[in-house]
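Below is one structure, written out as structure tokens, with a few remarks after it.
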Amino acid sequence: MSGRRPTDSGLRLEIDRIACDAYGTCAELLPEGIDLDEWGYPVIAPGNVPVHLVDLARRAVDACPVLALRLVKAASAAAPAPQPGPVLAPRPDRTEGTPPWPVRPPSRTPKRRPDPLRQR
Amino acid sequence: MTARVLGGPAPAAGAESLAGHRSRLGDLPGRTERSRIIPMLESSGLLGRGGAGFPVGRKWGSVAGRSGGDAVMLANGAEGEPLSHKDRVLMASRPHLVIDGLELAAEAVGARRAVLYVGSEHAQARAALERALDERDASRSQSLPRVPITIAAPPVSYVAGEESAAVHFVNAGDARPTTVPPRPYEKGVGGKPTLVQNVESLAQAALIARYGDDWYREAGRAETPGTALVTVTGGARPGVVEIDLGTTIGELAEWAGVPAAAGSPVLLGGYFGGLVAGMDAWRLPLDPAVLRRSGTAFGAGVVAFMGDETCGVTTTARIMDYMAGSSAAQCGPCVFGLRAIADAAARIATGQARQDDLARLRGWSQSLAGRGACRLPDGTTGLLASSLRVYEADWTSHQHHRRCLVRHGMARASA
Numbered sequence: 001m002s003g004r005r006p007t008d009s010g011l012r013l014e015i016d017r018i019a020c021d022a023y024g025t026c027a028e029l030l031p032e033g034i035d036l037d038e039w040g041y042p043v044i045a046p047g048n049v050p051v052h053l054v055d056l057a058r059r060a061v062d063a064c065p066v067l068a069l070r071l072v073k074a075a076s077a078a079a080p081a082p083q084p085g086p087v088l089a090p091r092p093d094r095t096e097g098t099p100p101w102p103v104r105p106p107s108r109t110p111k112r113r114p115d116p117l118r119q120r
Numbered sequence: 121m122t123a124r125v126l127g128g129p130a131p132a133a134g135a136e137s138l139a140g141h142r143s144r145l146g147d148l149p150g151r152t153e154r155s156r157i158i159p160m161l162e163s164s165g166l167l168g169r170g171g172a173g174f175p176v177g178r179k180w181g182s183v184a185g186r187s188g189g190d191a192v193m194l195a196n197g198a199e200g201e202p203l204s205h206k207d208r209v210l211m212a213s214r215p216h217l218v219i220d221g222l223e224l225a226a227e228a229v230g231a232r233r234a235v236l237y238v239g240s241e242h243a244q245a246r247a248a249l250e251r252a253l254d255e256r257d258a259s260r261s262q263s264l265p266r267v268p269i270t271i272a273a274p275p276v277s278y279v280a281g282e283e284s285a286a287v288h289f290v291n292a293g294d295a296r297p298t299t300v301p302p303r304p305y306e307k308g309v310g311g312k313p314t315l316v317q318n319v320e321s322l323a324q325a326a327l328i329a330r331y332g333d334d335w336y337r338e339a340g341r342a343e344t345p346g347t348a349l350v351t352v353t354g355g356a357r358p359g360v361v362e363i364d365l366g367t368t369i370g371e372l373a374e375w376a377g378v379p380a381a382a383g384s385p386v387l388l389g390g391y392f393g394g395l396v397a398g399m400d401a402w403r404l405p406l407d408p409a410v411l412r413r414s415g416t417a418f419g420a421g422v423v424a425f426m427g428d429e430t431c432g433v434t435t436t437a438r439i440m441d442y443m444a445g446s447s448a449a450q451c452g453p454c455v456f457g458l459r460a461i462a463d464a465a466a467r468i469a470t471g472q473a474r475q476d477d478l479a480r481l482r483g484w485s486q487s488l489a490g491r492g493a494c495r496l497p498d499g500t501t502g503l504l505a506s507s508l509r510v511y512e513a514d515w516t517s518h519q520h521h522r523r524c525l526v527r528h529g530m531a532r533a534s535a
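Here it is as structure tokens:
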């Protein structure tokens, strides 16, 4: 990763956690910004999507079979968010410095992976 | 210990009657004064008592601002936190104060209907509220405009108290959280803006309406003003008590007759909270703002003294299992993550640790927060992370030597 900060698009990726079914398409289309955990569920890189990845992010959004991925304006988190549960201690892995979006051109051609176990 | 919402007859004496309630506190003030309740709540500094500690005045304001006179008011008495009893004690002993707060809030946000959302296992609380509603029906002298009030009784469940779950239950009979946004204050019961407010917050608001924000701020010894109900366990006198916010953990220990050595671990906030230990921790004021800065939380006011005779690993494993079982089974990271945590913790606790169990627990304690529709993964992993810190020697001994420090009579290294 270079030290240069990619241009911020003001958009961020948001997952509907209930709808998400671990198809993994998003991580395949946007490996720069989405990782999969050991159970196949997406982990989104913190911060906003950099401008040069917005098109790919949109493709990932469109490709989600259960429409669980959204690209939203980053400011929409400002509303009051009363929820049970205390604010927890900061998570060192997620709170430091610039977002770890790698500055590299999109290189992968998205390919669809048929998964017979996931057919409905 | 300052009795405000629990002022008057002892809570153990049961529900206060409408006559008793009125002769002690009088009715809510008149319409002109009531119309100023939202700014009054804001300047009082009252924070929500359901766990998140969100400012009550702002919450009411955000619903009032978008309701157009057609909102819904929901009093949250689900109290699914296993260590907390304060809401059910309050509902069972001061039903009229809770309903005062509910009607006050309903008027302030422009609600056309109100719901008392009471955990189905809290039988006494429900009975007291039902009786109180009957009493109020029979007596017409209340000055407030009457709003229809119904009681909803969600099944026993940890997540049923989450506000989107409460709305979901009233709408569809399903007490599981939904994806937010939209949040209840935007689109809640029947699609209308809905104010979901914990029952203690409502009772506090009903007192602020009578006595004012200056009065409210007279209590409180640290940063956050007012009093709060806390549930204390682990001492000779466990129970629910109203404290001045800012009372220290050590003072509460003394009050509750805690036999454990000062500095022994304390679970704050409940299963959604965190463990602290050491003399510095015992000097911490029970104050939401201070606790938050210290990396822990006031939560719903649970203070559980663990003592030195308890194996923190075993206790944590039990809590993790409870939380995994509490998952509404909707979000993958919660379903799989909490179960994996519970299983690894159980193996470590029972001397069957696999080589990398502890390392994996450490990883999961950092990687699951923020990855569910509700905050169950956040709360669970927050508690786990605090346990890994406070009971580090115990976890290590269990993992690497299959040895319980408590059972082998070895001194726990106090932080």
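If you read the sequences in order, they're chains H and C. Note that this note's numbering has the first sequence beginning at 1, numbered continuously upward. Note that this note's numbering has the second sequence beginning at 121, numbered continuously upward. C-beta atoms are modelled at their ideal positions from N, C-alpha and C, and glycine is treated no differently.
Closer than 6 angstroms by C-beta to H/Pro116: which residues in its own chain qualify, once you throw out the five before and the five after it? Chain order, please.
On the first sequence, residue 116 of chain H is found 116 positions in, with the first residue counted as 1. Confidence at H/Pro116 is low in this model, with a pLDDT of 39, below 50, so the placement of that residue should be treated as unreliable; the coordinate-derived value is given next. Within the same chain, H/Pro116 has no close Cβ partners at all.
Who are the neighbours of C/Gly452 on chain H, taking C-beta pairs under 7 angstroms?
Position 332 of the second sequence, counting from 1, holds the residue named residue 452 of chain C. Near C/Gly452 (Cβ distances below 7 angstroms), the residues of chain H are Cys20, Ala22, Trp39 and Tyr41.
Rounded separation between C/Gly140 and C/Ala342 - CA only:
Counted from its first residue, the second sequence places residue 140 of chain C at position 20. Counted from its first residue, the second sequence places residue 342 of chain C at position 222. Computed Cα separation, rounded: 33 angstroms.
Whole angstroms is fine: what's the gap from C/Ala243's alpha carbon to C/Ala460's?
Counting from one through the second sequence, the residue named residue 243 of chain C turns up at place 123. Counting from one through the second sequence, the residue named residue 460 of chain C turns up at place 340. Whole-angstrom Cα-Cα distance: 34 angstroms.
Report the three-state DSSP secondary structure of H/Leu13 (helix, strand or coil).
The residue given as residue 13 of chain H occupies position 13 in the first sequence. Strand, per DSSP.
So, helix, strand or coil for C/Asn318, using DSSP?
Counting from one through the second sequence, the residue named residue 318 of chain C turns up at place 198. Note: C/Asn318 maps to strand in three-state DSSP.
Would you grab the beta carbon distance between C/Leu249 and C/Val238 for me? Rounded to a whole angstrom, and I think it's under 8 angstroms.
For the purposes of this step, residue 249 of chain C is taken as the residue at position 129 of the second sequence. For the purposes of this step, residue 238 of chain C is taken as the residue at position 118 of the second sequence. C/Leu249 to C/Val238, Cβ: 6 angstroms. Contact.
With which residues is C/Phe425 paired in a DSSP beta bridge?
In the second sequence, counting from the first residue as 1, residue 425 of chain C sits at position 305. DSSP, once it has assigned bridges, lists C/Val386 as partnering C/Phe425.
Rounded to the nearest angstrom, what separates C/Val455 and C/Ala473 at their Cα positions?
Position 335 of the second sequence, counted from the start, is the residue given in the question as residue 455 of chain C. Position 353 of the second sequence, counted from the start, is the residue given in the question as residue 473 of chain C. The straight-line gap from Cα to Cα measures roughly 22 angstroms.
Any beta carbon of chain H sitting closer than 7 angstroms to that of C/Trp515?
One-based indexing of the second sequence puts residue 515 of chain C at position 395. Answer no: the Cβ-Cβ gap between C/Trp515 and chain H never drops below 7 angstroms.
Going by DSSP, what residue range makes up the beta strand (DSSP E) through H/Leu69?
Mapped onto the first sequence, residue 69 of chain H falls at position 69. Here the beta strand (DSSP E) through H/Leu69 covers Leu69 to Lys73.
Just to confirm before moving on: does the CB-CB distance between C/Thr314 and C/Leu166 stay below 7 angstroms?
The sequence position of residue 314 of chain C within the second sequence is 194, counting from 1. The sequence position of residue 166 of chain C within the second sequence is 46, counting from 1. No; because the gap between Cβ atoms is not below 7 angstroms, this pair is not in contact.
With a Cβ-Cβ cutoff of 7 angstroms, do C/Ile468 and C/His528 count as a contact?
Here the question's residue 468 of chain C lines up with position 348 in the second sequence. Here the question's residue 528 of chain C lines up with position 408 in the second sequence. No; because the gap between Cβ atoms is not below 7 angstroms, this pair is not in contact.
Could you tell me the boundaries of the alpha helix (DSSP H) in which C/Thr436 lies?
By 1-based counting over the second sequence, the position of residue 436 of chain C is 316. First-last of the alpha helix (DSSP H) with C/Thr436: Gly432 to Ser446.
I want to see whether chain H comes within less than 7 angstroms of C/Thr351, judged by CB atoms only; does it?
As a first step, residue 351 of chain C is located in the second sequence; it is residue number 231 there, counting from the start. Chain H contact via Cβ: absent.
Along the beta strand (DSSP E) that carries H/Ile44, what are the first and last residues, could you check?
Taking the first residue of the first sequence as 1, we reach residue 44 of chain H at position 44. Segment Pro42 to Ile44, the beta strand (DSSP E) holding H/Ile44.
Are any of the Cβ atoms in chain C nearer than 7 angstroms to that of H/Asp16?
If you number the first sequence from 1, residue 16 of chain H lands on position 16. Chain C contact via Cβ: present.
Quick check on C/Ala493 - is its C-beta less than 7 angstroms from some C-beta in chain H?
Sequence index remark: in the second sequence, residue 493 of chain C carries index 373 (1-based). Closer than 7 angstroms: yes.
Start and end of the alpha helix (DSSP H) containing C/Thr347?
Residue 347 of chain C sits at position 227 when you count from the first residue of the second sequence. Segment Thr347 to Thr353 is the beta strand (DSSP E) holding C/Thr347; no alpha helix (DSSP H) there.
Beta-carbon neighbours of C/Phe456, restricted to chain H and to distances below 7 angstroms:
Reading the second sequence from its first residue, position 336 is the one you call residue 456 of chain C. Neighbours of C/Phe456 on chain H, chain order: Trp39.
Evaluate the contact criterion for the stretch 413-427 of chain C versus the stretch 439-452 of chain C: three or more CB pairs, one atom per stretch, below 8 angstroms.
no
From C/Thr122 to H/Tyr23, what distance separates their C-alpha atoms?
Within the second sequence, residue 122 of chain C is the residue found at index 2, counting from 1. Within the first sequence, residue 23 of chain H is the residue found at index 23, counting from 1. When rounded, the distance between both Cα atoms is 55 angstroms.
Closest residue to C/His205 among C/Gly359, C/Thr270 and C/Thr435 (Cα-Cα distance)
Counted from its first residue, the second sequence places residue 205 of chain C at position 85. Considering only alpha carbons, the answer is C/Gly359.
Those runs of the beta strand (DSSP E) which lie wholly inside the stretch 138-204 of chain C and span at least 3 residues:
191-197
So is C/Thr314 in contact with chain H if we call contact Cβ pairs under 7 angstroms?
Reading the second sequence from its first residue, position 194 is the one you call residue 314 of chain C. Not one chain H Cβ lies under 7 angstroms of C/Thr314.
Run through DSSP, which three-state label would C/Pro358 get?
To locate residue 358 of chain C, count along the second sequence from 1; it is residue 238. Note: C/Pro358 maps to coil in three-state DSSP.
Using CA atoms only, rank isn't needed, just tell me which of H/Arg58, H/Asn48, H/Leu53 and H/Tyr41 is closest to H/Ala19.
Here residue 19 of chain H refers to the residue found at position 19 of the first sequence. That would be H/Tyr41, whose Cα lies nearest to the Cα of H/Ala19.
Check whether the Cβ atoms of H/Leu69 and H/Ile15 sit closer than 7 angstroms, and answer yes or no.
In the first sequence, counting from the first residue as 1, residue 69 of chain H sits at position 69. In the first sequence, counting from the first residue as 1, residue 15 of chain H sits at position 15. In this structure, H/Ile15 lies closer than 7 angstroms to H/Leu69 by Cβ.
Close Cβ partners of C/Glu282 (< 7 angstroms) along its chain, the five nearest in sequence each way excluded
As a position in the second sequence, residue 282 of chain C is number 162, starting the count at 1. Answer for C/Glu282: Pro297 and Cys494, listed in chain order.
Can you tell me whether DSSP reads C/Arg124 as helix, strand or coil?
Numbered from 1 along the second sequence, position 4 holds the residue referred to as residue 124 of chain C. DSSP places C/Arg124 in coil when its eight states are reduced to three.
Check for me: the beta strand (DSSP E) holding C/Tyr237 runs from which residue to which?
Counted from its first residue, the second sequence places residue 237 of chain C at position 117. Looking at the DSSP string, the run of the beta strand (DSSP E) that includes C/Tyr237 is Ala231 to Val238.
Rounded to whole angstroms, how far is the Cβ of H/Arg12 from the Cβ of H/Val49, which I believe are closer than 8 angstroms?
Taking the first residue of the first sequence as 1, we reach residue 12 of chain H at position 12. Taking the first residue of the first sequence as 1, we reach residue 49 of chain H at position 49. Right, the Cβ-Cβ distance comes to about 6 angstroms (below 8 angstroms), so this counts as a contact.
How about C/Thr344: is its C-beta nearer than 7 angstroms to some C-beta of chain H?
The count along the second sequence starts at 1 and reaches residue 344 of chain C at position 224. Not closer than 7 angstroms to any Cβ of chain H, the Cβ of C/Thr344 fails to qualify, so no.
The alpha helix (DSSP H) enclosing H/Val61, as first and last residue numbers:
Sequence index remark: in the first sequence, residue 61 of chain H carries index 61 (1-based). Here the alpha helix (DSSP H) through H/Val61 covers Val54 to Ala63.
Start and end residues, beta strand (DSSP E) containing H/Asp35
Sequence index remark: in the first sequence, residue 35 of chain H carries index 35 (1-based). Where H/Asp35 is concerned, the enclosing beta strand (DSSP E) stretches over Ile34 to Leu36.
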